[in-house]
Every structure is written in C-alpha cells, then in structure tokens.
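Okay, so here's the structure we're looking at.
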Amino acid sequence: MYKVIDVFLWVVLYVIIFSISTQFGAWYLVFIFFTAVLHKACTLNFNRRHVIGVKRILSALLVQLSLVFFLLILAGFIEWLRQPNL
C-alpha cells in the first residue's frame, strides 16, 4: 500500500517542482534528477521489514523538500546576481 502512496507523493511533488521550474527556466529541471537520486539514496537505508513505510516516505520527503528549498534559495540568488546594478 505504501508503494501507491509513495508514487502519488512523488508525482505531486514533481508537478510542484515543474511548475516552479517554469518560472526560473528550463535549466532548473535538471535538479529533479538529482532529487530523485537523493531520494533513492535515502530509501536504501530504510528497506528493513520492521521499519514502517510511512516513516520511510516522510523521511525521504523531508530530505528532498529541504534540498528543494535550498535550490529555490540558490536560484533566487542567481537571478539576483544576473540583474543589472541599479
């Protein structure tokens, strides 16, 4: 059951990332791949039977959301640097 929830949460998260990335440009879509790789790296440690699936999903989402917020701050800083001095 948690596989269905996991897939649904990732689809929703990628739609949100895609809608944000269209505002910053197509280069931002590259970071979706890196966050997916980070998610897979985080879930490798939680494949034991006694770990609840919801805990695994929430921990991976927390790591990915923190990375997405960091990338949004970085993208805003890059856009600020690209503006001409007033």
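Reminder that position 5 of the sequence shown reads as 4 in numbering that gives the first Met the number 0, one-by-one numbering, no gaps. Think of the CB as a built atom: it goes at the ideal place given N, C-alpha and C, for glycine as much as any other residue. For clarity, every value in this text was computed on a predicted model and none was experimentally measured.
- Collapsing the DSSP output to three states places Q82 in coil.
- For the pair L66 and I15, the Cα-to-Cα distance works out to about 14 Å.
- Around the C-beta of L70, 16 or more other C-beta atoms lie within 10 Å, and the residue is accordingly described as buried.
- For a cut-off of 8 Å, the C-beta gap from L12 to Q63 is around 7 Å, short enough to register as a contact.
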